[in-house]
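When we follow our numbering, the leftmost residue of the sequence shown carries the number 173, and every step to the right adds one.
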Amino acid sequence: MDERLRFDCFPEAGATEELCQARGCCWVPAENRPPRPEPTSKPTGVNAPLDIPYCFYPLNYGYSLTSKVATKTGYKKTLCPTKLPIKHQTSERKIKMTNLFKLHGDIYDPANKRYEVPIPTPMITQKSNSQDYDVSFTSFPFGISVTRKSTGTVLFNSTVGGMIFEDQFLQISSLLPSSNIYGLGEHADAFKLNVTWRRDTMFARDVATPEGMQYNLYGVHPFYLNVENDGNANGLFLLNSNALEVILQPTPAITYRSLGGVLDFYMFLGPTPEAVAQQYITLIGKPRLPPYWGLGYHLCRWGYGNVSRTITVNDNMRRYKIPQDVQWNDIEYMKDHLDFTVDSTNWGGLGDFVKKLHTQYDQHYIPIVDPGISNTQPSGSYPPYSDGLAMGVFVNASNGGPIVGQVWPGNTVYPDFFNPSTQSYWTKQISQFHDVVPFDGLWIDMNEPSNFVQGSTSGCPNTKWDNPPYTPHIIGDKLIDKTLCMSARHYGYRHYDVHSLYGYTETVATMSALESIRGKRSMVISRSTFPNSGQHGGHWLGDNQATWESMYLSVPGILNMNMFGIPLVGADICGFLGNTNYELCARWTQLGAFYPFSRNHNTKGATPQDPASFGDKFASMARGVLLTRYRMLPYLYTLFFDAYNMGSTVARPLFFEFPKDAKTLAIDRQFMWGSSLLVTPVLQQGASDVTGYFPDATWYNVYDVRLRAPCAPPGSELQREGSGGQYHKLGCPVLCDTPLHIRGGSIIATQKPDITTAASRKNPFELIVAKTGKDGEPANGRLFLDDGESLGTCNI
Numbered sequence: 173m174d175e176r177l178r179f180d181c182f183p184e185a186g187a188t189e190e191l192c193q194a195r196g197c198c199w200v201p202a203e204n205r206p207p208r209p210e211p212t213s214k215p216t217g218v219n220a221p222l223d224i225p226y227c228f229y230p231l232n233y234g235y236s237l238t239s240k241v242a243t244k245t246g247y248k249k250t251l252c253p254t255k256l257p258i259k260h261q262t263s264e265r266k267i268k269m270t271n272l273f274k275l276h277g278d279i280y281d282p283a284n285k286r287y288e289v290p291i292p293t294p295m296i297t298q299k300s301n302s303q304d305y306d307v308s309f310t311s312f313p314f315g316i317s318v319t320r321k322s323t324g325t326v327l328f329n330s331t332v333g334g335m336i337f338e339d340q341f342l343q344i345s346s347l348l349p350s351s352n353i354y355g356l357g358e359h360a361d362a363f364k365l366n367v368t369w370r371r372d373t374m375f376a377r378d379v380a381t382p383e384g385m386q387y388n389l390y391g392v393h394p395f396y397l398n399v400e401n402d403g404n405a406n407g408l409f410l411l412n413s414n415a416l417e418v419i420l421q422p423t424p425a426i427t428y429r430s431l432g433g434v435l436d437f438y439m440f441l442g443p444t445p446e447a448v449a450q451q452y453i454t455l456i457g458k459p460r461l462p463p464y465w466g467l468g469y470h471l472c473r474w475g476y477g478n479v480s481r482t483i484t485v486n487d488n489m490r491r492y493k494i495p496q497d498v499q500w501n502d503i504e505y506m507k508d509h510l511d512f513t514v515d516s517t518n519w520g521g522l523g524d525f526v527k528k529l530h531t532q533y534d535q536h537y538i539p540i541v542d543p544g545i546s547n548t549q550p551s552g553s554y555p556p557y558s559d560g561l562a563m564g565v566f567v568n569a570s571n572g573g574p575i576v577g578q579v580w581p582g583n584t585v586y587p588d589f590f591n592p593s594t595q596s597y598w599t600k601q602i603s604q605f606h607d608v609v610p611f612d613g614l615w616i617d618m619n620e621p622s623n624f625v626q627g628s629t630s631g632c633p634n635t636k637w638d639n640p641p642y643t644p645h646i647i648g649d650k651l652i653d654k655t656l657c658m659s660a661r662h663y664g665y666r667h668y669d670v671h672s673l674y675g676y677t678e679t680v681a682t683m684s685a686l687e688s689i690r691g692k693r694s695m696v697i698s699r700s701t702f703p704n705s706g707q708h709g710g711h712w713l714g715d716n717q718a719t720w721e722s723m724y725l726s727v728p729g730i731l732n733m734n735m736f737g738i739p740l741v742g743a744d745i746c747g748f749l750g751n752t753n754y755e756l757c758a759r760w761t762q763l764g765a766f767y768p769f770s771r772n773h774n775t776k777g778a779t780p781q782d783p784a785s786f787g788d789k790f791a792s793m794a795r796g797v798l799l800t801r802y803r804m805l806p807y808l809y810t811l812f813f814d815a816y817n818m819g820s821t822v823a824r825p826l827f828f829e830f831p832k833d834a835k836t837l838a839i840d841r842q843f844m845w846g847s848s849l850l851v852t853p854v855l856q857q858g859a860s861d862v863t864g865y866f867p868d869a870t871w872y873n874v875y876d877v878r879l880r881a882p883c884a885p886p887g888s889e890l891q892r893e894g895s896g897g898q899y900h901k902l903g904c905p906v907l908c909d910t911p912l913h914i915r916g917g918s919i920i921a922t923q924k925p926d927i928t929t930a931a932s933r934k935n936p937f938e939l940i941v942a943k944t945g946k947d948g949e950p951a952n953g954r955l956f957l958d959d960g961e962s963l964g965t966c967n968i
């Protein structure tokens, strides 16, 4: 068989000819395999390399189509196992032809109800009148092909790879129309995925963000976007929350392996990349509109030590007149790391400080809260535990009673956010804490959920859930590693099925609580995410490193999250783990000024890295780039409104705007705000310039509008940077402004900046009008304006 069409039949370790053939698969003897370089060491687990399989599925492996019935939404088909050496379930497949550019298909067991992901998706009641796709089927082995009518490109073809539908192992493969594939998060890697035998595992996990490896990270997003060779785009979403493994191979082709649920696919046909993203985001839920102040600059660290030091750092920002809207604190403010408490010894007066931020400085405050609730405090002394125990809202062990893990406060139990009673419990705890510290949002961390022991303090039972017959290549090699037992019980669910939804459900409950308590828009920033998370909160990219590589990887990370419907996203500016340095932090501050969510944060024991800590020249640079951000906030806020209203992206890759330009497909060191602003940060150590790509349009240097002048005449002093798909070298010494360009044909509303959004919003508006360079072609733009925090919005 052609090597390009081989799909791995033995993904676990220990393949032999006997074991391979027992599965009805084909084996290539060692003497017939082409020579491969010997690895320097024997890799295992998540680091095991992939290559052309030597145990692979034959062409006649799979299901046969036994019946086909037309329905009012499309088709229903019955599939039966044929010529398979092991028992497979009879299954059915429904195909719903929903509109011109969207297709829904799922494979399920008609005889037994299986777990399905409980996130809201639109109900489909009838077949659309027209589609830009044809759907065809093969009888044996059963496969489905989707072809774009307008071009003839085959977008999906599952006739390869050996489909399997078992109790705890589901697999399906498809050929891809091109190697230009993006998404399948959360991971820390280049934006354009390498299809040369790549494995991505999706299973929420507390792990410091690695650099350039396909670990299972905090969030799970089984969605990809594929740009076809003609510039059209399509996307595919698998709605499945079980432990999931995705293989990309250079055919190009993709294989999905899941440990449960059903295979519930949605296909989007764009035809542009931005349209694909909008179609996907509209399906899973458009993102929430953040409060205007949430788009300002945020400052945090784990290691202030006390409230006095927090006040000093906050004061230093104002002394240098560096913009800042939000002050944060990490877990050190708590008494013994107990949620909803304040350490009176070092953090007494925290509530008064927050009130001062509100009344004197027009600033806001966000503390951290973890889901782990201590269960070791004296009886009746700690309401978050005693209330939860009385209400029965904690995740239970399989043999009854709350399952006990360990996190920062020691032994802990975990609220079950699937339980309807948990909302009132969670709202009560947040409300009582808000009476002490009147915060404006919450930072929810450790919500994969994280656990410092495997499964529980008493271990896990030997069940098929805790020890499944196949385990994807995950960190720790066990599903229970650093989290709960898979047999633990939620309200109506088993942890095995909903593990990767835990952070999402906490985000929903937390935002609901905040808005009911505050009566206005709030911020929730969560570490663990899932499709639909963006409708309830934002995300930071986790525990990154203070390295140049981590700074670069934040750009594809932000582009991915925007594509996943979570536009309120950023990385810890200057890095969280390790010591930053002057040059790295300067470059990261210049980049971070253009993160949709802009926050500087680092860990305990590391060098201070707030902008005021590096001295006068650094502070001046930081003030300049952040004032540029604040000047552009009316445009950024409008982009967030468009995301909320239409499901569009805020930060986007260049190919979203120029999909026909092949040079843009791999660019992930530049990005755009919407369709009009091009950001070209310096990401290389020791550089005094940066080379950026300018797609075929007219581009102008934004700073030539005299952004810091009191009132620049609209469109004055714009200088054309270049057009026609060119590379330009841009000078940028260490303490420079972030290279920023506006696309010809754009009109951007800006506002004279101040050091808070509250002060800025009292200043005059300005317009930047960038001509197209073509006679008679008008420029255009949009502005959304409201009070920035009311729960209702109006477009004026």
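Backbone N, C-alpha and C define an ideal beta-carbon position, used for all residues, glycine too. Owing to the predicted nature of the structure, the values given are computational and were not obtained by experimental measurement.
Using C-beta distances below 6 Å, list every residue in its chain close to residue i, excluding the 5 sequence neighbours before and after it, in chain order.
{"i": "C757", "result": "C746 and Q781"}
{"i": "T513", "result": "M506 and K507"}
{"i": "G403", "result": "P831 and K832"}
{"i": "G315", "result": "S330 and T331"}
{"i": "G521", "result": "V479"}
{"i": "Y668", "result": "W637 and M658"}
Which residue comes first and which comes last in the beta strand (DSSP E) that contains residue i?
{"i": "R771", "result": "S770 to N772"}
{"i": "Q120", "result": "Limits of the chain in this structure are 173 at one end and 968 at the other, which puts residue 120 out of reach."}
{"i": "K240", "result": "G234 to A242"}
{"i": "T310", "result": "Y305 to T310"}
{"i": "G764", "result": "Looking at the DSSP string, G764 is not in any beta strand (DSSP E); the run it does join, the alpha helix (DSSP H), is Y754 to G764."}
{"i": "L342", "result": "L342 to L347"}
{"i": "S430", "result": "A425 to S430"}
Determine the direct distance from the alpha carbon of residue j to that of residue i, and round the result to whole angstroms.
{"i": "P215", "j": "L222", "result": "Any reading at P215 needs caution, since the residue's pLDDT is 37, under 50, leaving its predicted position unreliable; the model's value is listed next. Approximately 11 Å between the Cα atoms of the pair."}
{"i": "I224", "j": "G796", "result": "52 Å"}
{"i": "M374", "j": "V392", "result": "5 Å"}
{"i": "G552", "j": "I545", "result": "14 Å"}
{"i": "S698", "j": "A951", "result": "38 Å"}
{"i": "L955", "j": "I494", "result": "26 Å"}
{"i": "N401", "j": "A823", "result": "24 Å"}
{"i": "G948", "j": "G917", "result": "11 Å"}
{"i": "M723", "j": "T910", "result": "15 Å"}
{"i": "Q340", "j": "T250", "result": "20 Å"}
{"i": "Q303", "j": "K528", "result": "58 Å"}
{"i": "L471", "j": "F179", "result": "48 Å"}
{"i": "L879", "j": "M735", "result": "With a pLDDT of 45 at L879, under the threshold of 50, the modelled position of this residue cannot be trusted; read the value that follows with caution. Going by the C-alpha atoms only, they are around 30 Å apart."}
{"i": "F828", "j": "T701", "result": "23 Å"}
{"i": "T444", "j": "Q595", "result": "40 Å"}
{"i": "P641", "j": "K244", "result": "39 Å"}
{"i": "P882", "j": "K924", "result": "Here P882 scores only 35 on pLDDT, less than 50, and its place in the model is too uncertain to base an answer on."}
Cutting at 7 Å between CB atoms, please list the residues of its own chain near residue i, excluding the five before and the five after it.
{"i": "I538", "result": "V498, W500, F611, D612, G613, L614, W615 and M695"}
{"i": "C252", "result": "Y235, S236, T238 and T262"}
For a quick check, are the C-beta atoms of residue i and residue j less than 8 Å apart?
{"i": "M618", "j": "D638", "result": "no"}
{"i": "I353", "j": "V367", "result": "yes"}
{"i": "F566", "j": "D588", "result": "yes"}
{"i": "I456", "j": "G737", "result": "yes"}
{"i": "F395", "j": "Y452", "result": "yes"}
{"i": "A921", "j": "Y807", "result": "yes"}
{"i": "D511", "j": "V485", "result": "no"}
{"i": "G742", "j": "R771", "result": "yes"}
Would you kindly report the start and end of the unbroken alpha helix (DSSP H) that includes residue i?
{"i": "Q450", "result": "P445 to I456"}
{"i": "T482", "result": "V479 to R491"}
{"i": "A405", "result": "First-last for A405: A405 to L410, but that is the beta strand (DSSP E), not the alpha helix (DSSP H)."}
{"i": "M818", "result": "L805 to M818"}
{"i": "A930", "result": "T929 to S932"}
By Cβ distance, which residues of its chain are closer than 8 Å to residue i, with the 5 residues on each side in sequence left out?
{"i": "T635", "result": "S570, M658 and S659"}
Enumerated in chain order, which unbroken segments of the beta strand (DSSP E) with a length of 3 residues or greater are wholly contained in the region 515-602? Qualifying beta strand (DSSP E) stretches, in chain order: 536-541, 577-579 and 582-585.
Note down, one range per segment and in chain order, each alpha helix (DSSP H) of at least 4 residues found wholly within the region 592-679. DSSP runs (the alpha helix (DSSP H)) wholly in the region 592-679: 592-608 and 667-670.
At 4 residues or longer, and completely inside the region 667-752: list those alpha helix (DSSP H) runs for me, N to C. Here the runs fully enclosed are 667-670, 674-690 and 720-735.
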